[in-house]
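Visitor: With this note's numbering applied, the sequence shown corresponds to residues 27 to 247, in that order. Note that the Cβ used here is the ideal one computed from N, Cα and C, for glycine as well. Keep in mind that this is a model prediction, so the values were computed, not measured. One structure, pasted below without further comment.
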Amino acid sequence: MEVKVMKNILGENDRIAAENRAMFQEKKVYVLNLMGSPGAGKTSVLEKTMEYLKDKVHMAVIEGDLFTSKDAERIEKHGVPVIQINTAGGCHLDAPMVQQTAKDLDLDGLDLLIVENVGNLVCPADFPIGADDSAVVLSITEGEDKPMKYPLIFKESSIVLLNKVDLVPYCNFSLANAEEDIDTLNPGVKIVEVSCTKNQGIEDWCGWLLQKVAEKKGAQA
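Written as structure tokens, this is what we have:
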């Protein structure tokens, strides 16, 4: 009975994720599911993204977290519409949460919606939300073994951001080994080395986003 219930839960999530995907397609809004561990630097990447894209696209953010609105408050300072979802202990956002929250956004006026998922390398990859693509942020401080330990999230992502690369000299982390493991799991996936403090990789990352937005709008990137 427990297995049957879990199948029903996952099936319902997939059904609503498909509804979300159709809704975003109709509105021509490119949606990205941004995933990664707590402390990987997802919100810092988002802040740099908003600085770079603020005059180029109309964007909004859905912030997922267990408790508090601290990350949403950081986003709001950049003048970007943001809605916080608190899961009260839940380890991921799901499609129904995103569907309900999207109703409070002006989708007609948006080009880009980034959903910052709850900090976790497991559950967010198991629950589609109807996004066009997923991205995962891996911090240098987490260790180079994480891709092989948590393979699904790297397999499911269209782009991988290796964040805090300015700390490589101070950590036992091989960029070459990590990138080889990621490419083994997801051959050809785009990998960007990022440092938010040094602005490294931000232009490359945001260029990728702009191309995706243009493709969704039906324009030439």
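1. Rounded to the nearest angstrom, what separates Arg-100 and Glu-73 at their Cα positions?
2. Please look up how many angstroms separate the CB atoms of Ile-179 and Leu-201, rounded, as I've assumed it's under 8 Å.
3. If you reduce the DSSP assignment to three classes, tell me which class Ala-66 lands in.
4. If I follow the unbroken alpha helix (DSSP H) through Asp-97, where does it start and stop?
5. Report the start-end ranges of each beta strand (DSSP E) in the stretch 105 to 172 that is 3 residues or longer and not cut off at the edges.
6. Please report the straight-line C-alpha distance between Thr-223 and Asp-120, rounded to a whole angstrom.
7. For Val-85, which residues does DSSP report across the bridge?
8. Grab me the residues of Asp-137's own chain with a C-beta within less than 6 Å of its C-beta, minus the 5 sequence neighbours each way, in chain order.
9. Under a Cβ-count criterion, where at least 16 other Cβ atoms within 10 Å of its own Cβ denotes burial, should Met-27 be classed as buried or exposed?
10. By how many angstroms is the C-alpha of Tyr-196 removed from the C-alpha of Thr-127?
11. Can you tell me whether DSSP reads Leu-189 as helix, strand or coil?
12. Gly-214 by DSSP, collapsed to three states: which one?
13. I need the boundaries of the alpha helix (DSSP H) containing Gly-233, first residue and last residue.
14. Assign Gly-65 to one of two classes, buried (16 or more other C-beta atoms within 10 Å of its C-beta) or exposed (fewer than that).
15. Roughly how many angstroms separate the alpha carbons of Val-215 and Val-55, rounded to a whole number?
16. Mapping DSSP to helix, strand and coil, what is Tyr-78?
17. On a CA-only basis, which of Asp-209, Gly-169 and Asp-192 is nearest Val-186? Give me that one, please.
Guide: In short, the structure shows the following:
1. Translated into the one-based positions of the sequence shown, residue 100 becomes position 74. Translated into the one-based positions of the sequence shown, residue 73 becomes position 47. Cα atoms of Arg-100 and Glu-73: separation of roughly 8 Å, rounded to the nearest angstrom.
2. Translated into positions along the sequence shown, residue 179 becomes position 153. Translated into positions along the sequence shown, residue 201 becomes position 175. At roughly 19 Å, the Cβ-Cβ gap does not stay under 8 Å, so Ile-179 and Leu-201 are not in contact.
3. In the sequence shown, counting from the first residue as 1, residue 66 sits at position 40. It is coil, neither helix nor strand.
4. Position 71 of the sequence shown holds residue 97. Going by DSSP, Asp-97 is part of the alpha helix (DSSP H) stretching over 96 to 102.
5. Complete beta strand (DSSP E) runs here, min 3: 108 to 112, 138 to 142 and 159 to 165.
6. The residue given as residue 223 occupies position 197 in the sequence shown. The residue given as residue 120 occupies position 94 in the sequence shown. Inter-residue distance for Thr-223 and Asp-120 is about 31 Å (C-alpha atoms, whole angstroms).
7. The residue you call residue 85 lines up with position 59 of the sequence shown. Sequence inspection shows Met at residue 85; the Val mentioned does not correspond to that position. The partner list for Met-85 (beta bridge, DSSP) reads Leu-138.
8. Counting from one through the sequence shown, the residue named residue 137 turns up at place 111. So the qualifying residues of the chain are Val-83, His-84 and Val-239.
9. Looking up residue 27 in the sequence shown gives position 1. Unreliable placement is indicated for Met-27, whose pLDDT of 39 sits below 50; the coordinate value is still reported in the next sentence. So Met-27 ends up on the exposed side.
10. Here the question's residue 127 lines up with position 101 in the sequence shown. Here the question's residue 196 lines up with position 170 in the sequence shown. Rounded to whole angstroms, Thr-127 to Tyr-196 spans 41 Å at the Cα level.
11. Locating residue 189 in the sequence shown gives position 163, counting from the first residue. Residue 189 is actually Asn in this sequence, not Leu. Three-state DSSP puts Asn-189 in a strand.
12. Position 188 of the sequence shown, counted from the start, is the residue given in the question as residue 214. DSSP places Gly-214 in coil when its eight states are reduced to three.
13. For the purposes of this step, residue 233 is identified with residue 207 of the sequence shown, where counting begins at 1. Here the alpha helix (DSSP H) through Gly-233 covers 228 to 243.
14. Here residue 65 refers to the residue found at position 39 when the sequence shown is read from its first residue. Under a 10 Å Cβ-count criterion, Gly-65 is classified as exposed, with fewer than 16 other Cβ atoms of the shown protein chains found around its own Cβ.
15. Looking up residue 215 in the sequence shown gives position 189. Looking up residue 55 in the sequence shown gives position 29. Roughly 23 Å separates the two Cα atoms.
16. Taking the sequence shown and counting its residues from 1, one reaches residue 78 at position 52. It is helical.
17. Taking the first residue of the sequence shown as 1, we reach residue 186 at position 160. Considering only alpha carbons, the answer is Asp-209.
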